[in-house]
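To start, the structure under review is shown below, and the notes come after it.
Numbering (the UniProt record's numbering), first residue to last: 1 to 736.
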């Protein structure tokens, strides 16, 4: 009997971004199973992987999480089919990054002007002038300041930047940018585990310019650990039990240890600084220093062996040694600075990597070669320096990956320009070719022109403004000398309040309340409109603006969102209650699967509300009926269906706390004519949703389908991406 594949992802309320590496982790396991060092992803689980019919990834070029929620009503198919949703770290070159580090891609044009990709390696030019390192740095030796990342490069590569929306609460090292070629270098590396909060530091290492270890410290995560990632981090539960050191202690020590002109060196150092929640202006990133074409990067393990002749991250060891990795990155930077770009380019790293990968792939076919033949003799050479890339692994298993894209996307180096190619042509080609491939990437876009300008011309502000309106309610009228404290107490029972102001422009006073969660505002409208509060019979309503005319429709659709199935919102909790207390109190509810207690991202204190996820929708409905009016520790609870998917908690909180109008609305605004460009964009989005629907319906049962809004990186800032995923079942819907 054929088994159905299932996908499980405990993403409710985490709010943390899924990184490119974590996504690669999922795709590799889905495509290859337990072979080729592929393991179950750390953040989700695929059941019966070997019964998967295939993997299809749909990439919506230059679109972000903002686009999905701005055009939520237009994405009718996407929001109703896929049961798992996650926020994604933005990527500037997504089709390339999907194949992981070390990948060589050779585009081959087809008669339709589309692109089909194989894992054949690009032949490296013998002309040194074509080397990416020479093209970037020139031939002459320069001082270290020439190799530190500029502010724009840091923004592009997701480094924490002072004043960025995602860096609130981050600690600055307080080092200035007055670096010179004599400034001291420090190697830094961290190991992380996965917690309820996201990636948190569990170990930090810092070495000085002589390679001496200045810091090698275990760190206790603030949140509950979900996955220690022992295979990579080397960290176990037992190791962290006696640890008292917290992230704040490490931040303080690093600030004291680093001189004002310190230059930090690391491999993909942005990940370490993000996990440390620290901002540092002067960095050298060895993953970018040893430049490659098309945005690809060499692995630290490969560079250490090829450039320094050192073996690191040996498979015999349990996890990576952060001190070893920090020292390797430091020595690589020192080698580059001392030898200069020409000497580094002459190492011919690209060709060396290609040769090593071919040797490893050939080892899998060694038995087929006659004894003593020339090729067999080559296998007696030292073992490969680097594991084969994702495409090579697929090739070895006999799988031909398929990539279909459209014109105007040649920034990734994957697609050829052809002005006649359209989304419709791509769809037609996909309907023909996807059934023939076990792994496919289909890339659509909204048009040949970049839509990033539209995004930054006001899309972020429109989404933030509408969200603020939906979080805001007006209540009144009240008597002149009404008790504001009792009003705040009554409305606070609906959920956490962001701000409360008295409106005095009216004949009688009103109160403007902005909540932190959508459910609280909706609960206030539903339960307090027409109620007697502070001695007055009041009306509760949202602001009436042009953008809010479809608010009721949006609320209804959010309630029906497939990700909110079986999830309810509970308000009125006492803040003294812990998560353990709540687990005990709600333990009598049938089929309770997960409890999420939102926290203030600055103070860390939990709010007076929680979300409960049930295994069955009927159990959630029964719980709603039971909880409303339920008294817990002397406090009356209020409950309703969830509106905002769990992955949005952090995003909504950041939007809610960003600069802009807060709690200042008028009842009636002049109705503005929807611009032609936005009307056109809505039509395109609707058509795009229809294309994806058609493609999805054509997929076989047990196909893993992932739709990616890869996010946007630009000079205006970065916007997080969004992923929707599921395994298609018999009914044409994604199974959970």
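C-beta atoms are modelled at their ideal positions from N, C-alpha and C, and glycine is treated no differently.
The model shown is predicted, which means the values in this text are computed figures rather than measured ones.
Span separating the alpha-carbon of residue i from that of residue j
i, j, result
"residue 693", "residue 423", "13 Å"
"residue 642", "residue 700", "32 Å"
"residue 142", "residue 320", "32 Å"
"residue 615", "residue 534", "40 Å"
"residue 62", "residue 709", "7 Å"
"residue 698", "residue 427", "11 Å"
"residue 674", "residue 681", "In this prediction, residue 674 has a pLDDT of 42, which is less than 50 and means its spatial position is unreliable; nothing more can be read from the coordinates."
"residue 147", "residue 274", "21 Å"
"residue 152", "residue 577", "45 Å"
"residue 504", "residue 597", "36 Å"
"residue 525", "residue 541", "6 Å"
"residue 532", "residue 561", "33 Å"
"residue 558", "residue 519", "11 Å"
"residue 515", "residue 58", "35 Å"
"residue 304", "residue 312", "7 Å"
"residue 119", "residue 309", "Note that residue 119 has pLDDT 32, beneath the 50 cutoff, so the model's placement of it is unreliable and the number below is only indicative. Approximately 28 Å between the Cα atoms of the pair."
"residue 586", "residue 625", "14 Å"
"residue 404", "residue 350", "26 Å"
"residue 425", "residue 77", "20 Å"
"residue 465", "residue 167", "21 Å"
"residue 530", "residue 177", "59 Å"
"residue 435", "residue 474", "54 Å"
"residue 254", "residue 263", "13 Å"
"residue 631", "residue 600", "25 Å"
"residue 284", "residue 337", "11 Å"
"residue 718", "residue 633", "44 Å"
"residue 32", "residue 706", "16 Å"
"residue 130", "residue 355", "19 Å"
"residue 53", "residue 611", "35 Å"
"residue 581", "residue 604", "18 Å"
Distance CB(residue i)-CB(residue j) smaller than 7 Å
i, j, result
"residue 563", "residue 85", "yes"
"residue 720", "residue 726", "no"
"residue 652", "residue 639", "no"
"residue 196", "residue 233", "no"
"residue 91", "residue 20", "yes"
"residue 499", "residue 572", "no"
"residue 401", "residue 293", "no"
"residue 484", "residue 684", "no"
"residue 722", "residue 88", "yes"
"residue 590", "residue 617", "no"
"residue 55", "residue 185", "no"
"residue 144", "residue 189", "no"
"residue 43", "residue 22", "yes"
"residue 477", "residue 608", "no"
"residue 82", "residue 724", "yes"
"residue 469", "residue 543", "yes"
"residue 279", "residue 165", "no"
"residue 30", "residue 595", "no"
"residue 206", "residue 214", "yes"
Proximal residues to residue i (C-beta, below 7 Å), its chain only, five neighbours per side dropped
i, result
"residue 307", "332, 335, 347"
"residue 71", "682, 685"
"residue 74", "682, 685, 686, 689"
"residue 523", "494, 495, 571, 638, 640"
Neighbourhood of residue i by C-beta, 6 Å cutoff - its chain only, sequence neighbours within 5 removed
i, result
"residue 471", "514, 515, 521"
"residue 158", "270"
"residue 211", "327"
"residue 528", "540"
Proximity test, Cβ basis, 7 Å: residue i and chain B
i, result
"residue 570", "Among the protein chains of the structure shown there is no chain B, as only one such chain exists."
8 Å CB neighbourhood of residue i in its chain, flanking five on each side removed
i, result
"residue 554", "72, 73, 470"
"residue 459", "66, 67, 70"
Hey, which unbroken runs of the beta strand (DSSP E) at 3 residues or more fall wholly within the UniProt domain "RRM" (471-545)? 472-476, 497-503, 510-515, 539-541
Taking one C-beta from the stretch 240-254 and one from the stretch 211-227 each time, how about it: are there three or more such pairs within less than 8 Å? yes
Report the start-end ranges of each alpha helix (DSSP H) in the stretch 311-346 that is 4 residues or longer and not cut off at the edges. 322-339, 341-346
Just checking, does the stretch 330-337 make contact with the stretch 164-172 on the three C-beta pairs under 8 Å criterion? no
Are at least three pairs of beta-carbons, each pair with one atom in the stretch 501-518 and one in the stretch 433-444, less than 8 Å apart? At 8 Å Cβ cutoff, the stretches do not touch.
In chain order, what are the residue ranges of uninterrupted alpha helix (DSSP H) at least 4 long that sit wholly in the UniProt domain "RRM" (566-644)? 579-585, 617-627
Indicate whether the contact test is met: 3 or more Cβ pairs, each with one atom in the stretch 198-209 and one in the stretch 268-284, closer than 8 Å. yes
Please give me, in chain order, every unbroken run of the beta strand (DSSP E) with length at least 3 that falls completely inside the stretch 58-97. 84-88
Whole alpha helix (DSSP H) runs in the stretch 224-248 with 4 or more residues, listed along the chain? 230-233, 237-240
4-residue-minimum alpha helix (DSSP H) runs that sit fully inside the stretch 119-187, ordered along the chain: 132-137, 151-156
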